[in-house]
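J.:
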Amino acid sequence: MKTHEAPYACHLFICTKSRGNKRKSCGDGANPELTSLLKDEVKKRGWKPRVRISESSCLGVCDAGPNLMIYPPKIWLSDVSLDDVPEILATLEKLLAE
Ligand code: FES
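Residue numbers (my numbering): 49 to 146.
1. Which whole-angstrom value describes the C-beta separation of residue 75 and residue 83, a residue pair presumed to lie in contact below a C-beta threshold of 8 angstroms?
2. Regarding residue 73 and the ligand FES, is the C-beta to nearest heavy atom distance less than 7 angstroms?
3. Does the distance between the C-beta of residue 110 and the nearest non-hydrogen atom of the ligand FES fall short of 7 angstroms?
4. Can you round the beta-carbon distance between residue 108 and residue 77 to whole angstroms, since I take them to be within the 8 angstroms contact cut?
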């Protein structure tokens, strides 16, 4: 195994886990456009080399979903919708300025 420093200032994980409405899960309640919209905005702002947007499986806090987590500051955003995109981008901008 080799250890490397992560190349991103921020890595945002969007939970897309779906359980087919058998149990609450982010993928059953989230807008499927969220990932592409955030990726487009990150690219448009020139943040792409420093900000990574990834879809993930369960982040372990299903009942509060749809969930999104930002590392390294370990920010957990819950009950996320497309309406929250401006606030998510403002959070990323603030983190990049630190
Ligand atoms: S299904 Fe999204 S946190 Fe568990």
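By construction, the Cβ of each residue, glycine as well, lies at the ideal position given by its N, Cα and C atoms.
T.: This is what the structure gives:
1. Start at 1 with the first residue of the sequence shown, and residue 75 comes out as number 27. Start at 1 with the first residue of the sequence shown, and residue 83 comes out as number 35. Not quite, the Cβ-Cβ distance comes to about 11 angstroms (not below 8 angstroms), so this is no contact.
2. Taking the sequence shown and counting its residues from 1, one reaches residue 73 at position 25. Under cutoff, so the answer is yes.
3. The residue labelled residue 110 in the question sits at position 62 within the sequence shown. Yes; taking the cut-off as 7 angstroms, the Cβ of residue 110 has a heavy atom of the ligand FES nearer than that.
4. On the sequence shown, residue 108 is found 60 positions in, with the first residue counted as 1. On the sequence shown, residue 77 is found 29 positions in, with the first residue counted as 1. Incorrect: roughly 16 angstroms between the Cβ atoms, too far for contact.
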